[in-house]
Amino acid sequence: MSPSVRLQEMIRVIRSARTQGEERGIIQRECADIRAQFRQGDNGERSHSLAKLLYVHMLGYPAHFGQMECVRLIASPRYNEKRIGYLGAMMLLDEKQDASLLITNSIKNDLSHSSQYVQSLALCTLACMGSAEMCRDLAPEIERLLRASNSYIKKKATLCAVHIIRKVPELAELFTPSARTLLSEKNHGVLHGAVVLITELCKRNPDTLDQFRKTVPELVQIMKGLVTSSYSPEHNVAGISDPFLQVRILRLLRILGHNNDTASDAMNDLLAQVATNTDSSKTAGSAVLYETVLTIMDINSESGLRVLAVNILGRFLLNNDRNIRYISMTSLQKIVQTDHNAVQRHRGTIVDCLKDQDTSVKRRALELSLALVSAVNIRSMMKELLIFLSFCPPELRSQTASGIFNAAERYSPSKRWHIDTILHVLTTAGGDVRDETVPNLIQLITTASELHCYTVHKLYRALVKDIAQQSLVQVACWCIGEYGDLLLKGECEEIEPLQVTEDDVLDALETVLQSHMSSPATRGFALTATMKLSTRITDNVDRIRSIVSIYGSCIDLELQQRAVEYNALFKKYDHMRAAVLERMPVMDKNSPGYTNGDTPGEIKEPDTSKPKPVEAGLLSEPASQVCDLLDLLGGTDTPLQPSPAPTSTPTTTSSADLLDLLGGLETPHSSIPTVSVYEKNGLSLKIQYDKQTETEVTVSLIASNSTQNDITSFTLQAAVPKVYTRSIFKLHLCSLQIDSFPSTACQPSISPL
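Using full-length UniProt numbering, the first residue of the sequence shown is number 1, and each one after it goes up by one.
This is how it looks when you write it as structure tokens:
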């Protein structure tokens, strides 16, 4: 049996193995025979044994013991052994193996061999696994072969030079002169290698760009010859003459024409010719057109040429191949900012891609559709995106909802349309929206005062219909708590009003409180809304008191604390309930990411633009606003954090137990200022920092009356933090009452209730 048949027999036996154990047994026996053959020395069977070992290596079994045999076979004078030796070296050796250094001299000798096939073996091996040391030693030999007359050797040497440049970039200058001369070759293989070599030189050494920009006319001429050449069976691929070489030339032109007007002008006509004459019905033509589009977009091309490139990508969107549609949308995504109007012409085709069965194509179509939204097409595009949201895959819902929110915020034609759009998203995919959606929508609703009645009616309908979407339920509870009186009136011009009774509203909120689908945060919204309704309805206050008292022993600490504080308002501080539970003021959103428009640590002074007469109830409205801004009843878990400010030296001291007002901030005394919290109609209130210990912070409240008359029945209400943690912001009511407030400065103290 001949050695080749023995290799075939081994393959047949291994493939016929029924179990993995049986296969391992066959491999072990064959490896033992191969080792025995290697130990016998030069018996003419070493190359066949190494061939069998390489097959074993391909199956994933250890074959390292054949490395030295590769070295021996490479040094053999016989071509069949040298061929197997070089093949084994490329498979079993790499630059980290010490044995790879042993073949350096053999490769050098074979590079000077009289046979082009032996030279080819050495070139392929060096290009495959040559280390940096080998490349430095053999680079002069490769440069010599670049000037050889044999096109077969030139092609191999050119690709080997590319490997050397990647391994040792400082050797790039050695190959620069030879690279340009290779462009005059007629052999397509040599031209392909030359273009790859010049591309690598330009990438590794930008200083050579100016030198190779002089070759643009040569490259343009070569490309024109490929585009206009007649049919050549040797290079024709699906009707395209050597598309591989065309793609390589276009990539090189893209590098040479980048930010260079002269080079760009030289290739504009060529690119227009390629774009109009290349057939895109086959994959090879599409590849050439795609590279042409990328080149047009990356150089300083004419505007008409850029429009032509966008139109080519638009035609790609109609292709049946999903891969071509995908790369077309990827390219359009990159240029939509610079050529927005040109891409807009293909908006209908892009939107149709949202219906594609492939998720990757849908994702790209979604990203591109969101990028195409503008003030002109906001209504039509949002209609398509909302339809897509209703049937899109679960992994795309969050991205779709976020994109719709951002687009609606930037281009909304009206506040009502904006609110309706967000409510539609919450109804469809309320569980997939981001956390900031709820406070952002609440902020939007507060600013649209003319739509409060419309919004509360619409949200009440949605709440009664479905309480599974937590984000929607939270916004609905908040609106019912704030604007429940508008809901109960049953008067609304924008929408058909509902005849809702107090019991209906309380039943809806109680359903949310008792539902197993409600999260703790949602229950907090519902409990707060129920409490706020106690000042907006008249006949069911006792029922509200009963609902609130139930949660005084709730296992959830946040709900329990809310219920305890609300019970305190009902019992001991019923006279304060109306002021504490009045409507939230309008919140300005000055910057994204902060629902109430405040930056972290910012302390705002009350609005002093509207003076009021000095009377007993002077501070009731500002005090309630402070309570609201500190979110005693707002349902959010985000604490306010005062920030350090310039030094202000205190002049007086008075102990005020505002525990943890600055909790968690280890701020030095000199960095806390005197903060003016109220100043209107001659009355001024300031909070002044005194001292700080490990357990408490002491501040003074300075109240001064600069008017000519005394203020009587002076009442001060404030909400201060009692416990400050990362996830829970708890509040604690303080109260102060003075029967007579003379027109001199005084320092009343605040005692916690």
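Positions of the beta carbon are idealized from the N, C-alpha and C atoms, including for glycine.
Everything numeric in this text was worked out from a predicted model, so none of it was measured.
Short Cβ contact (8 Å threshold) for residue i with residue j
{"i": "I419", "j": "L451", "result": "yes"}
{"i": "V464", "j": "A508", "result": "yes"}
{"i": "L197", "j": "V162", "result": "yes"}
{"i": "G257", "j": "I222", "result": "no"}
{"i": "T199", "j": "T176", "result": "no"}
{"i": "L385", "j": "T428", "result": "no"}
{"i": "V190", "j": "K167", "result": "no"}
{"i": "G490", "j": "L533", "result": "no"}
{"i": "L123", "j": "C160", "result": "yes"}
{"i": "L289", "j": "S280", "result": "yes"}
{"i": "V13", "j": "I34", "result": "no"}
{"i": "L370", "j": "I350", "result": "no"}
{"i": "L366", "j": "Q399", "result": "yes"}
{"i": "T292", "j": "L317", "result": "no"}
{"i": "Q28", "j": "Q67", "result": "no"}
{"i": "I165", "j": "R204", "result": "yes"}
{"i": "G314", "j": "H346", "result": "yes"}
{"i": "I544", "j": "E510", "result": "no"}
{"i": "A194", "j": "L183", "result": "yes"}
{"i": "T446", "j": "V586", "result": "yes"}
{"i": "I84", "j": "S47", "result": "yes"}
{"i": "T215", "j": "R180", "result": "yes"}
{"i": "L121", "j": "Y86", "result": "yes"}
{"i": "I335", "j": "A275", "result": "no"}
Beta-bridge partners of residue i, as assigned by DSSP
{"i": "Q692", "result": "V697"}
{"i": "residue 755", "result": "For the chain, the structure presents residues 1 to 753; residue 755 sits outside this window and is missing."}
{"i": "N236", "result": "S241"}
Host beta strand (DSSP E) of residue i (start-end)
{"i": "V677", "result": "675-680"}
Host alpha helix (DSSP H) of residue i (start-end)
{"i": "K100", "result": "According to the sequence shown, residue 100 is Ser rather than Lys. Taken as a continuous stretch (DSSP letters only), S100 belongs to no alpha helix (DSSP H), as it is neither H nor E."}
{"i": "R562", "result": "557-571"}
{"i": "D542", "result": "541-550"}
{"i": "N406", "result": "394-411"}
{"i": "I31", "result": "Contrary to the premise, residue 31 reads as Cys rather than Ile in this sequence. Taken as a continuous stretch (DSSP letters only), the alpha helix (DSSP H) holding C31 covers 20-39."}
{"i": "residue 764", "result": "Given a span of 1 to 753 for the chain in the structure shown, any question on residue 764 remains unanswerable."}
{"i": "D137", "result": "132-145"}
{"i": "Q221", "result": "216-228"}
{"i": "S178", "result": "172-181"}
{"i": "A63", "result": "Segment: none, A63 is in no alpha helix (DSSP H) and carries neither H nor E."}
{"i": "A157", "result": "151-167"}
{"i": "D574", "result": "Looking at the DSSP string, D574 is not in any alpha helix (DSSP H), and its letter there is neither H nor E."}
{"i": "Q708", "result": "Looking at the DSSP string, Q708 is not in any alpha helix (DSSP H), and its letter there is neither H nor E."}
{"i": "N80", "result": "79-92"}
{"i": "N440", "result": "437-447"}
{"i": "A148", "result": "Run containing A148: none; DSSP gives neither H nor E here."}
{"i": "A75", "result": "From DSSP, A75 is part of no alpha helix (DSSP H); its letter is neither H nor E."}
{"i": "M587", "result": "Where M587 is concerned, there is no enclosing alpha helix (DSSP H), given that its DSSP letter is neither H nor E."}
{"i": "S120", "result": "116-129"}
{"i": "V425", "result": "415-429"}
Report yes or no: do the segment 257-265 and the segment 226-245 share at least 3 C-beta pairs separated by less than 8 Å? no
Could you tell me which uninterrupted alpha helix (DSSP H) segments, each at least 4 residues in length, are contained entirely in the segment 239-301, listed from first to last along the chain? 243-257, 261-277, 283-298
Quick check for students: name the residue ranges of the alpha helix (DSSP H) that lie wholly in the segment 311-392, counting only runs of 4 or more. 322-335, 340-344, 347-352, 359-372, 378-391
Extract the residue ranges of the alpha helix (DSSP H) inside the segment 459-535, only unbroken runs of 4 or more that lie entirely within it. 470-489, 502-514, 520-532
Do three or more CB pairs link the segment 471-478 to the segment 508-527 at distances below 8 Å? yes
Three or more C-beta pairs below 8 Å linking the segment 129-137 and the segment 77-96: yes
Is the segment 406-415 touching the segment 547-562 in the sense that three or more CB pairs, one from each, lie closer than 8 Å? no
For the segment 699-717 and the segment 682-690, state whether three or more C-beta atom pairs, one from each stretch, are separated by less than 8 Å. yes
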